[in-house]
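Student: Before I ask anything, let me first share the structure, which is written out below as structure tokens.
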Amino acid sequence: MAHAAPTPGGMTGPGNTTGPSGTTGRGGFTSSPPGFTSNLPDIFDARVHRVAKVGIPVVLGLVYGYWAAANRRGGGPITGWNLLFGFVTALAFIVLCLAVAQFAPLLKRELHSLVKSGFAGAALGFLYSQTGESVLRSTALGLVTTAAVFLVFFYRYYTREDGAGNRIR
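Numbers 1 to 169, taken from the numbering used here, label the letters of the sequence shown in order.
Structure, rendered in structure tokens:
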């Protein structure tokens, strides 16, 4: 039976922290704390990660803008104002999503969790408000969503970071 020959950068681990293009860490990123290594395969190179870092928020923003515009028109005809609303909403979502993705990891785990969950709750509350429901119901839904997402993120960060914010697994 034939086996593939090992190649440099195929796996990162204690003895091999160099990626495919000579960069350190997974996918060419050096955001991991010193001494942190992963046994996960290094599937994508740094270029794919750079494209995905912007591409995923853009795609999510376009879907979000379409969803908000569809909620606002309520099954009626598509108008120019409706298209404008959808694109402005998508642009705002993209900018906020990129800002949260860039700056939230710099915060302590409590604030990191709160910023990400606040973004998710506000986004869902805004979508719900476009259906014509009351502001109080939209706010309540956003707060419930924020609390639920906060618990999930806080648990994730609390079990995978030490007190100083360094990843432990």
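Quick reminder that beta carbons are idealized off the backbone N, C-alpha and C, glycines included. What you are looking at is a predicted structure, and each value in this text was computed from that prediction instead of being measured.
Candidates GLY125, ALA99, ALA140 and TYR64: which alpha carbon is nearest VAL88's?
Tutor: Per the Cα distances, TYR64.
Student: Any idea what DSSP makes of PRO77, helix, strand or coil?
Tutor: It is coil, neither helix nor strand.
Student: Grab me the residues of PRO105's own chain with a C-beta within less than 7 Å of its C-beta, minus the 5 sequence neighbours each way, in chain order.
Tutor: The residues are HIS112.
Student: Is ALA69 closer than 8 Å to GLY80 when the C-beta atoms are compared?
Tutor: Against a cut-off of 8 Å, the Cβ pair of ALA69 and GLY80 comes out as no contact.
Student: What's the C-alpha gap between ARG72 and ASN82?
Tutor: Each residue's alpha carbon lies about 8 Å from the other.
Student: Where ALA122 and VAL152 are concerned, what is the direct C-alpha to C-alpha distance, given to the nearest angstrom?
Tutor: Computed Cα separation, rounded: 17 Å.
Student: What is the rounded straight-line gap between the Cα of TYR128 and the Cα of VAL144?
Tutor: Each residue's Cα considered, the two are about 13 Å apart.
Student: Locate the alpha helix (DSSP H) running through GLU110, then write down its first and last residues.
Tutor: Counting along the chain, the alpha helix (DSSP H) containing GLU110 begins and ends at 109-129.
Student: Cutting at 6 Å between CB atoms, please list the residues of its own chain near LEU62, excluding the five before and the five after it.
Tutor: Here the set comprises ALA90.
Student: With distances taken Cα to Cα, identify the nearest neighbour of THR159 among ASP42, ASP45, PHE126 and ARG109.
Tutor: Comparing Cα positions, the closest option is ARG109.
Student: Determine the contact status of VAL135 and VAL115, defining contact as a CB-CB distance below 8 Å.
Tutor: Cβ distance not < 8 Å, so VAL135 and VAL115 don't count as in contact.
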